[in-house]
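Participant: One structure, pasted below without further comment.
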Amino acid sequence: MIKMHPDSKCVRMSLLLLIMIVFISITVFLSSCSKPADKSVLYYNETYGFSLEFSNQFSENVDIKEDSQSVYFMDKEIKNRSSELFAGILGKIEVYDKKITPVQICKKEKILII
Numbered sequence: 000m001i002k003m004h005p006d007s008k009c010v011r012m013s014l015l016l017l018i019m020i021v022f023i024s025i026t027v028f029l030s031s032c033s034k035p036a037d038k039s040v041l042y043y044n045e046t047y048g049f050s051l052e053f054s055n056q057f058s059e060n061v062d063i064k065e066d067s068q069s070v071y072f073m074d075k076e077i078k079n080r081s082s083e084l085f086a087g088i089l090g091k092i093e094v095y096d097k098k099i100t101p102v103q104i105c106k107k108e109k110i111l112i113i
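Numbering (numbering that gives the first Met the number 0), first residue to last: 0 to 113.
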């Protein structure tokens, strides 16, 4: 039978602790060296009373247009290359009166409810 020195367990624990400290230190160092976060841009719509936060890159590449009940997010490059009215739409927010029910909206827009 092999007898262990009383301090061998302490040495192993110390070594394990040292390895963990080195690993955590490297992780913290590498995360602090990563690319800085992209600044964000706040879009506020006064007509409908809402705001959205976008990355700076998104806001540079997208135009925001609104009509009587919608807000459109349109890709600038695609919109500028095309003569079609709705070319380059990436997204759309529709705004309706709270008094109108979703069923009434679907009937008005001629949307089939399944």
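Ideal Cβ positions, reconstructed from N, Cα and C, are used throughout, including at glycine. Nothing here was measured: the structure is a model prediction, and the numbers come from that model.
For residue 46, which of 102, 93, 105 has the nearest alpha-carbon?
Facilitator: The candidate whose alpha carbon is nearest that of residue 46 is 93.
Participant: Would residue 70 pass as a contact of residue 58 if the rule is Cβ separation under 7 Å?
Facilitator: No, the pair does not count as a contact, with Cβ atoms beyond the cut-off.
Participant: Buried or exposed for residue 61, please, with buried defined as at least 16 other CB atoms from any protein chain shown within 10 angstroms of its CB.
Facilitator: By the neighbour-count rule (16 or more Cβ atoms within 10 Å), residue 61 is buried.
Participant: Within the same chain, show all residues whose beta-carbon is closer than 6 Å to that of residue 87, passing over the 5 residues directly before and after it, in chain order.
Facilitator: Answer for residue 87: 73, 74, 77, 78, listed in chain order.
Participant: Compute the beta-carbon to beta-carbon distance between residue 95 and residue 63, rounded to the nearest angstrom, for a pair I have assumed lies under 8 Å.
Facilitator: Not really, about 19 Å apart at Cβ, beyond 8 Å.
Participant: Within the same chain, show all residues whose beta-carbon is closer than 8 Å to that of residue 81, passing over the 5 residues directly before and after it, in chain order.
Facilitator: Same-chain partners within the cutoff: 87.
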